[in-house]
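Everything below concerns the one structure shown next.
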Amino acid sequence: MTLILTHHPSDQFTLLNPEMAGLYKTITAEISQFVSPQHALLFTEPKMINEMLYWYAEGEEVVPWRALSEAKQKQVIQVIQSMLIDISKVAHLHPNSLLLRFFPNYGYFPSSEYIYLVDGHPVITAWGYSGGNGFYNPLINEQSNISRKTRLLLWSKFPWVTALLALFTGVLTSLLLSIYHHSDQVCYATYPKIQEVKEALNGQNKNQALNKKQDELSKSLVLLKKQCKIPPVRSLEPQQTPKLTPLPKEAWEKKDKSMLNGCWHLTTPLKLVARGTDKWTPIKIWQVCFDNSGGGNQIITTMDDITCQGPLSASFQGDKLVIKQPENCKGGFNLVRGTQICTRSNDKEATCLYKDDDVRDGKGVIGIFKR
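FYI, UniProt numbering numbers position 345 of the sequence shown as 345, with every residue one higher than the one before it.
Written as structure tokens, this is what we have:
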């Protein structure tokens, strides 16, 4: 599931290196290729929408920095330090990469408040930016260790095999020269002891007996195969399972509400406004779930982790899917009764226009839902 972790006006922070703009996919692709895909997940994806910069990540459960205990915060910082050090060491092995060119700028961010845990793994938002008070550097106490560890890594690349082979060749040459200059000395042969010879012969006899036994067993096995021939096992061809689309066109045209069975979530940024005020609250999760007959419920969660829920019912009117909210969405906040009129965009998504039921002339808001 795509999560919006945070957002801010595009001019609130300053990009530390303007050349990094628009290079998220290129930088994370190099991290994934040269280091590991897990290291690339440390950096969230930025998207600019209406002069607002949103930071996205894939996952299910989000824990903000302020909700972590002090011990957990220290542990998270250590993990981020370790991952950035890994990236730094590998970057020095690729002098023409963007990893080395922009390091350590993409490892900075306005403050520790922009760290989140997504499904238990740390992620960074607003990376590469500085705020009004500068930027937060998680490697402030690790910078001296990076160059030292990098030198150790390069030292480990030293061709030890070649060096040892050259040393062995020199020793062998010296030994041959020594034998040549002392060839007039008398040499004596040392014969093995009788007991050692007997033990070697006994071992040889045992080995021969085992080989003979192996030959006899092999012949018996061939004979048994001829007497009791086992038919070969025919492997079954794997059957191709047809891929089912979440919103098949045929089912939509037939007004088959069973295709809605399951849960759908909002994929576009959306904000709620409290009536009579100018307070806008961004939505983090809007999930709607249905059964085969079109009955269901919805759960809406804001960026402040405040939730409301309530029943839903879906029906077709012409080629439009109408989702009714029979009563207010209740919980930490109330969303008045409203109606969503949805059209099928493609095999995966539907575009829905939401209006409050008690405001007839309202323009409504548009959102895109997918399974």
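All C-beta atoms, glycine included, are put in the ideal place defined by N, C-alpha and C.
Counting C-beta neighbours from all protein chains within 10 Å, is the total for residue i 16 or more, i.e. buried, or is it exposed?
i: A71; result: exposed
i: M20; result: buried
i: A126; result: buried
i: L210; result: exposed
i: I306; result: exposed
i: I323; result: buried
i: K257; result: buried
i: K284; result: buried
i: T28; result: buried
i: residue 375; result: Look at the range of the chain in this structure, 1 to 371, and you will see that residue 375 is not part of it.
i: I49; result: exposed
i: G296; result: buried
i: D11; result: exposed
i: V62; result: buried
May I ask you to report which of helix, strand or coil DSSP gives residue i?
i: G120; result: coil
i: H94; result: coil
i: Q325; result: coil
i: F109; result: strand
i: S345; result: coil
i: V79; result: helix
i: W280; result: strand
i: F369; result: strand
i: E142; result: Because E142 sits at a pLDDT of 48, beneath the cut-off of 50, its placement in the model cannot be relied upon, and the following sentence gives the value as read from the coordinates. Three-state result, E142: coil.
i: A40; result: helix
i: A126; result: coil
i: A350; result: strand
i: Q185; result: Its pLDDT being 47, under 50, Q185 is placed unreliably by the model, and the measurement read from it follows with that caveat. In this structure, Q185 counts as coil in the three-state DSSP scheme.
i: T28; result: helix
Look at the alpha carbon of residue i and the alpha carbon of residue j, and state the distance between them as a whole number of angstroms.
i: V359; j: V336; result: 10 Å
i: C308; j: I299; result: 6 Å
i: N328; j: V118; result: 31 Å
i: K198; j: K212; result: 21 Å
i: G276; j: H7; result: 24 Å
i: M52; j: D291; result: 37 Å
i: L224; j: A200; result: 36 Å
i: A251; j: E113; result: 46 Å
i: G134; j: D278; result: 31 Å
i: P9; j: G107; result: 21 Å
i: Y116; j: I124; result: 7 Å
i: Q287; j: H121; result: 23 Å
i: residue 376; j: E196; result: As displayed, the chain neither begins before 1 nor continues past 371, which places residue 376 out of reach and without an answer.
i: G367; j: C289; result: 16 Å
i: L41; j: S313; result: 38 Å
i: W264; j: R344; result: 14 Å
i: P248; j: D319; result: 13 Å
i: K330; j: L353; result: 21 Å
i: K74; j: A67; result: 13 Å
i: E60; j: L3; result: 8 Å
i: G203; j: S32; result: 56 Å
i: N17; j: F103; result: 10 Å
i: H94; j: N105; result: 17 Å
Taking 7 Å as the limit between beta carbons, can you name the residues of its chain near residue i, skipping five residues before and five after?
i: K254; result: none
i: residue 374; result: No statement about residue 374 is possible, as the shown extent of the chain runs from 1 to 371 and does not include it.
i: F13; result: P110, A126, Y129, S130 and G131
i: L15; result: A21, G128 and Y129
i: I77; result: P138
i: D86; result: V35 and H39
i: L23; result: L98
i: T44; result: L5, W55, Y56, A57, V123, I124 and T125
i: R101; result: none
i: N334; result: C308 and N328
i: E30; result: S97, L98 and L99
Strictly by DSSP, which residues pair up with residue i?
i: Q298; result: V288 and G310
i: N261; result: F290
i: A274; result: DSSP lists no partner for A274.
i: P46; result: W55
i: H8; result: L53
i: S315; result: V322
i: G131; result: G134
i: Q73; result: Answer is none; Q73 lacks a bridge partner.
i: K330; result: Q309
i: V62; result: V118
i: T339; result: K324 and K355
i: L266; result: F369
For residue i, collect the residues of the same chain with a Cβ closer than 6 Å to its Cβ; drop the 5 residues on either side in sequence, then sort them by chain order.
i: V273; result: W280
i: P282; result: K271 and M303
i: K370; result: T267, K348 and E349
i: D184; result: Since pLDDT at D184 reaches only 49, below the 50 mark, its modelled position is unreliable, and the value read off the structure follows with that caveat. Closer than 6 Å at Cβ, skipping near neighbours: no residue.
i: M83; result: H39 and L42
Can we count residue i as close to the ligand NAD, meaning its CB is less than 7 Å from some heavy atom?
i: V365; result: Only the bare structure without any ligand can be found here, which leaves the ligand NAD out of the picture.
So, at 8 Å on beta carbons, what are the nonlocal neighbours of residue i in its own chain, with the 5 sequence-adjacent residues on each side left out?
i: T245; result: D347 and K348
i: S315; result: K257, G294, L321, V322 and K324
i: D215; result: none
i: T26; result: L98
With 8 Å set as the bound, which would you pick, yes or no: does the beta-carbon of residue i sit closer than that to a beta-carbon of chain C?
i: V76; result: Absent from the structure: chain C. Only one protein chain is present.
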